[in-house]
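Chains as they are written, first to last, in the numbering used here: chain E, 176 to 1268; chain P, 591 to 900.
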Amino acid sequence: MLVVHANWFQGHLHLWGESVDRATTVPENSGKEHPFAASTAQIRAAIERRLGSLNGAKSDTVTLLLPHSPTAHASSGSSRATTLPSSRMAGILGHAPDDEEALTLEACEVPTIRLEPGPALMFLLRLADLEGSSSDSLALSHAMHWWMRLAQFTLDSVVDQRVIPTVLQRRDGSLAGQWRPWLNDADADAQVADLIASMPAAVRAVDTTDGHAWPIVDSFLGLTTDALIRSTLVEENFDEAIEDFSTTTDPHAGLLSGLLGRADSLRLGKHPEHDLMRSARGWLAVLDEVRSNRGLRLRFDVREPDLEAGDEGTDAKWRVSFGLVDPEDPEFVTDAETILLGPSTRRSAARAVRTEELAELLLKELGRASRIWTELEDALEDEAPCGIDLSTRAVHTFLRDIRPVLLEAGFFVEVPEWWGQPTSRISARLLIDAPETPHEGGADGSAPESLGLGLQAMVAYRWQVALGGQSVSVEMLEKLSRSGSPLLRVGGAWVDLRPEDIATAVKFFRDHPGGNMTLVEALRMAHGIDGPPEGLPVTGVQATGWVAQLLDAGEGSSDGFAMTTPPECFRGTLRPYQLTGLSWLAFLDRLGLGACLADDMGLGKTIQLIALLQHERAERAAKGLGSPGPTLLIAPMSVLGNWRRELARFAPELKVHTHHGIDRPTGDEFTAVALHNDLIVTTYAIVVRDRDTIQRTPWRRVVLDEAQHIKNPPTKQTAAIRGLNTRHRVALTGTPVENRLAELWSIMEFCSPGYLGTNTDFRRRFAAPIERNRDAAAAQRLRALVRPFILRRLKTDPTVISDLPPLIESRQSIPLTQEQVELYEAVVADMLAKVDQADGIRRRGLVLSALVKLKQICNHPAHFLREGIPDGKGANGKAKPKQLEPPPEPDVDADDAPLVPFGKDALDSLRSGKTQRLIEMLEEVVAAGDRALVFTQYRQMGHLLVSMIRHAIDVEALFLHGGTPQAKRDAIVERFQEADGSHPIFVLSLKAGGVGLNLTAANHVFHFDRWWNPAVENQATDRAFRIGQTRTVNVHKFVCTGTLEERIDQMIEQKTELATQIIGAGDAWLTEMSTTQLRDLLSLRPSALEGAE
Amino acid sequence: MTQWTESNRPRPPENPRRVIGGFKFKRKEGISDWPWTAEPLFNAIASAADPDDLAEGNSYALSGQTVTFPCTATRVDASVQGRASRPYAVAMVFQPWSSDEWMKVVQALSVEAGFSARFLVGEMPHAVGPLIAGLGLRADLVPSRPGAKPSCDPLLTCTCGGAQPCKHVVAVAHLVAERIETEPLTLFLLRGMTPERLLERIQEVRTLATRGENHAHPLPQAAADASLELPLESMLADFWRPGKRLRDLEARAATAHSPHAILRRLGASPMGGRFPLVGLLATIYDTMRQRAMVLRDGERALPGSDAEEK
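Shown next, in the form of structure tokens:
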């Protein structure tokens, strides 16, 4: 694995890398060299494998200023400062975060591959194409991603023609031409400011620019833009254009002499350098005038003429009036009449001066605008230019051609509302006719839910011409086109009638009279995706019957579909939005359409699905029908316990079978089991392994929990899941799918196969425009397209928030892994064997230490085996489960031993059910832009979690433990609370949960291990749930099923007599138990084995 | 608006026609104690003039007979109302410095940062005189050889037709000397360059000397704001990660741009070349947009990108 970095140095992009191989084999820091910088051959090989040949790139070295640690990181014991790995590398290696106070900035040298500006731009653009497709050999640093953004900015500038030719003066005084982006307009300026503010410090780590951001950005944008444009101009021989002109006497040719060819030197005569520089500067300054006019801006107000009803307005007189506007407060307008013609009497001297100034400014601005809009010059001849009268034709030219340029130049142009709206142009509307319900077939009513043909259902359709919000006939269009006016009133509404639109429309509607097609075709067409209409905007779709209901569904609105009543056997209360969710699922199910329920984490997706199972059974029972058939639920192992728990709690009558474990049924035996149950629960891994068996069973429904697990490109797992034989598909996920396009496609491809087209098609049509070009229209089309099939409610939605209590507690029941089971059983057996022969203090000691060990095993095997602690099993060795360590220190918060990097095994979150689940949930927290507190009792576990989070999801978690000094505590808390949310995860290992800390930025609280004392846990929870908290706080308590954790949790929940002894007594009560009681309390129950195979 | 009241004073009948709102010589010290910037010119004209013309010119200056008095590059063109019905046109044409000479001046003045600072507040440091005198230019900073011959500096002319310096020229000389005293940078203007432009050019040379780069385009606000960044030393804890506002950047929607907007805003070039610059630029803008569109929206060739999937 190679982590690739890049720095811009003396006009070149230098790629360098950190190599895992070097990191593990060359721990020694030799001199000024970076200890595990990859060799140029390694970098070249890794990059070329992904991107193809790096033609012509030279090898080089660059000196960088990087963070160093005074203490040796490796066990070498050397005392000199050691170059630290980058955060990405540290995550991969499992290094714990360093104490930032001790870090120093030191120079060190890295081998690089050097790219010229042109190839650098192409390299970064190509790299951006690969984003999202993971690689085992190449990881990109944050800086790399930042460079990719900057490259995109260069490309966007050229596409948008926001570039200028400029002149640079070199150190020797000679002049050179350069193409560069024009950055001074407000939006480009703001974007550059954001780019600079988001630049990782590592980008500035080069020696030359003294670590300043602007020279780097300036040089990169200038040189890459110039390279891109120049290469095009050279290819097309643009320099021939000035061949017949003297570059020494004609300043235009002189300027171009450095812009068109390969060489950038201006070919000028003897001394005119300063002159050309001066005049070029004067010319470009014109673009920047708006900034010198801070304060007020010129505003044009286009006023619609008053016309009689029925007047088509082809000969109307329009008024464009002038005024000054405060850009900070666009409501504050002073019109030109007031400024130029206002009453001059009874005015204070100060106001007179002010008016004088305003008049001067107004005229100056008008002069500036007249360069863009030459018609203004006529108005300026007027003594008091207050406005200009335009014909309908002229106002159309103004609106269409002049206004956009005026806006870009910083003027304000107020236009009638209808201008620019799709409805004011000729557009196409799709009408879909459908019956109230998809053909009420099946006269015997035996299988009502099979009636919906889903996306393949045929619907009748026809197209309509829409203009000004109403439909018009083709004849009418042709009549309008004869008027020859580009602006016209149709039925009282102004329309923008472009001749090219009319021609397209007439042809289109002649060619497409209407007919029948499938729902999927109709919906794709309605959103302008497939087939017609050519060049016509589609302003929507109107439907009747069930299609109308479908289109109104989604987004949590319940207008489109009938609300169902909560199923009677549901043991609990569905919140209103959950009932909406249930009704929506049932509605799509009835139509045979797949659904993706993407509610925020904590809103209860599980119980909505459970209610759906109950609902369909109740419906069938009411009609005297039998079972609808089994539903298959596929979920990550870590949530199986949860499902079982919720099912048992809310729907105990459902017959549930967990398809898991070594002796799980196969073949016909499995089918029989499946048909005998309501719900079969299994994991993603098992579906792949037992694909033949599972695919043979006819499923009523397949549900994917944590559906973001079906990834792209297609894997065996994806193929196995898509191959399932089912009538209905539901995906559950808590991630914001609509913003993660690769996930969205995969999930939709599962729910509604084919709906979003092939993956390649989807990338071309949606992913690339949205991600690369931030194409708002494409994003809008995609949202509209998937809206009927995705229901995502946020905790912050007004409809939801009123239904939510301020605090939601949930218990995460988590199975142990096989490794955990073996360790757990060994420790219990070991203790029970010894405890019988001991008494008194020794017995108590044995019990206490066993207790600590069991809790650690539940956390993670590496915690128990003390991997990553020098006196433990060492960094990389995974201890054999049978070899039990001597009891670790019972004082849970005292392990102060310096940490060596955790090995890869220690960082494997899949070794523990808890860490696996925690990582999954934190991923959702981060994706949703939320923030979380993670409490653990153990400092070492805290360290492990921080490293694991960095390793698994590349997020730098903050960490606070009992040994953190007060001053640092405050700094950490502040960083967590900061508005920008750059540190969304906060791990705390504190007795009493750090009373006094105010962490209201968090809306998730994880209790990773338990105190067995609700008061202590509540104190911890209250860090987030206190005054100042405006959102619902979700509390997730982690409990390993079948273990002592679960049993003690139950005792506390049920407030047993024993529980009152437990609470507040620490662990002492356990030591008083008899061996039998201990065996009963500590031995694994069968449910613990769920995760084990 | 000009003040009117002062000029309503009654005058003797032999006096020239009264001028309303004319420029008046208001110097408290009268015509003595000139600063080094103004003395040579005034004294040379005063001593060359006939005593009567000097006295009358002086009274013209005091009573404001000069109607207009614009100082432009290398010349002063004044109109002075005498007894005739129409005012006389007075011109003083100064020797310009050639562009080579200006280059020397700019170079010399850019050596010391203090000069620019004084120029900025409108002052002429004493050291400038000897400094420029040492450059061996055709004409000194301070003009001192007025006369009616073309080689004179300034060349004096008046439409009254009298011997030079006539009383009208004398009157104007009062005002010019007064102007040079109050705005000494006028001397540069009289040699052909506005003080603003001179400052710019000095700045150009200084930039070149200190940072080694200079450019025709103005910098965006972001460039200035970027200097507020934290030093690397204080970013060690978050050295590798993106800074703040990454989300802002991601949330920023693309804005639409109209074709050739920049060119249309620029308008015609003021450089006065014959080559159709803006026309060619328009073609270039379209060509480069086409090429960039292909890069952005087309399938970028990725040789070898499948290698790893296999």
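Glycine residues also receive a C-beta, built at the ideal position from the N, C-alpha and C atoms. Note that the coordinates shown come from a computational prediction; the quantities given were computed from them, not determined experimentally.
Can you look up residue i in the DSSP assignment and give me helix, strand or coil?
{"i": "E/LEU229", "result": "coil"}
{"i": "E/PHE1077", "result": "coil"}
{"i": "P/ARG881", "result": "helix"}
{"i": "E/GLY756", "result": "helix"}
{"i": "E/ALA786", "result": "helix"}
{"i": "E/LEU626", "result": "For E/LEU626, the pLDDT reaches just 45, beneath the cut-off of 50, and the residue's location in the model is therefore unreliable, although a value from the coordinates is still provided. E/LEU626 falls in the coil class under three-state DSSP."}
{"i": "E/PRO1063", "result": "Residue confidence is low: E/PRO1063 scores 44 on pLDDT, short of 50, so the model does not pin down where it sits. Its coordinate-derived value is still stated next. Looking at E/PRO1063 - three-state DSSP - the assignment turns out to be coil, as it is neither helix nor strand."}
{"i": "E/HIS1211", "result": "strand"}
{"i": "E/ASN1051", "result": "Residue confidence is low: E/ASN1051 scores 41 on pLDDT, short of 50, so the model does not pin down where it sits. No coordinate-derived value is stated."}
{"i": "P/ARG831", "result": "coil"}
{"i": "E/CYS926", "result": "helix"}
{"i": "E/ILE1202", "result": "coil"}
{"i": "E/THR422", "result": "coil"}
{"i": "E/VAL1271", "result": "This structure cannot speak to residue 1271 of chain E, because chain E is shown only from 176 to 1268."}
{"i": "P/LYS739", "result": "coil"}
{"i": "P/ASP887", "result": "helix"}
{"i": "E/THR400", "result": "helix"}
{"i": "E/GLU967", "result": "Reading off the sequence shown, one finds Arg at residue 967 of chain E, where the question assumed Glu. In the structure shown, E/ARG967 sits in coil (DSSP, three-state: anything other than H, G, I, E or B)."}
{"i": "E/ARG1106", "result": "coil"}
{"i": "E/GLN645", "result": "strand"}
{"i": "E/TYR636", "result": "strand"}
{"i": "E/PHE825", "result": "helix"}
Going by the CB atoms, is the gap between residue j and residue i shorter than 9 Å?
{"i": "E/GLY595", "j": "E/TYR636", "result": "no"}
{"i": "E/VAL1109", "j": "E/PHE1181", "result": "yes"}
{"i": "P/LEU746", "j": "P/VAL759", "result": "yes"}
{"i": "E/VAL1003", "j": "E/LEU1029", "result": "yes"}
{"i": "E/LEU370", "j": "E/PHE328", "result": "yes"}
{"i": "E/MET264", "j": "E/TRP321", "result": "no"}
{"i": "E/LEU536", "j": "E/PHE497", "result": "no"}
{"i": "E/VAL722", "j": "E/VAL588", "result": "no"}
{"i": "E/MET1259", "j": "E/LEU1007", "result": "Note that residue 1259 of chain E is Leu in the sequence shown, not Met. No, these two residues do not count as a Cβ contact at 9 Å."}
{"i": "E/ARG792", "j": "E/PRO803", "result": "yes"}
Just tell me which of the options has its CA closest to the CA of residue i.
{"i": "E/GLN344", "options": "E/ALA1037, E/ALA318 and E/LEU430", "result": "E/LEU430"}
{"i": "E/CYS771", "options": "E/SER646, E/LEU808, E/VAL1022 and E/LEU907", "result": "E/LEU907"}
{"i": "E/GLY710", "options": "E/ILE677, E/PRO741, E/ASP727 and E/VAL179", "result": "E/ILE677"}
{"i": "P/MET552", "options": "P/LEU775, P/ILE722, P/ARG881 and P/TRP624", "result": "In this structure chain P extends from 591 to 900, so residue 552 of chain P is not present and cannot be described."}
{"i": "E/ARG1092", "options": "E/PRO1159, E/GLU1000, E/GLN955 and E/PHE1213", "result": "E/PHE1213"}
{"i": "E/GLN1115", "options": "E/ALA1154, E/ILE267 and E/ASN1034", "result": "E/ASN1034"}
{"i": "E/ASP382", "options": "E/TRP1244, E/GLY269 and E/GLN185", "result": "E/GLN185"}
{"i": "E/THR833", "options": "E/THR841, E/ARG819 and E/ALA416", "result": "E/ARG819"}
{"i": "E/LEU516", "options": "E/GLN1252, E/CYS561, E/GLU583 and E/ASP486", "result": "E/CYS561"}
{"i": "E/LEU434", "options": "E/LYS780, E/VAL338, E/ALA380 and E/GLU483", "result": "E/VAL338"}
{"i": "E/MET633", "options": "E/LEU451, E/ASP608, E/LEU652 and E/GLN955", "result": "E/ASP608"}
What distance in whole Å lies between the Cβ atoms of residue j and residue i, which are believed to be in contact at a cut-off of 8 Å?
{"i": "P/HIS551", "j": "E/ARG405", "result": "As displayed, chain P neither begins before 591 nor continues past 900, which places residue 551 of chain P out of reach and without an answer."}
{"i": "E/GLY756", "j": "E/SER927", "result": "At roughly 18 Å, the Cβ-Cβ gap does not stay under 8 Å, so E/GLY756 and E/SER927 are not in contact."}
{"i": "E/THR1196", "j": "E/SER988", "result": "Between E/SER988 and E/THR1196 the Cβ distance is about 19 Å, and since that is not below 8 Å, they are no contact."}
{"i": "E/LEU854", "j": "E/LEU815", "result": "Actually they do not touch by this definition, with Cβ atoms about 12 Å apart."}
{"i": "P/ARG787", "j": "E/ILE547", "result": "Contact doesn't hold; Cβ gap of about 27 Å is too wide."}
Length-filtered (4 minimum) alpha helix (DSSP H) runs lying within the segment 288-344 of chain E: 292-304 and 317-334
Runs of 4 residues minimum, wholly inside the segment 564-623 of chain E: which ones carry the alpha helix (DSSP H) assignment? 567-572 and 578-583
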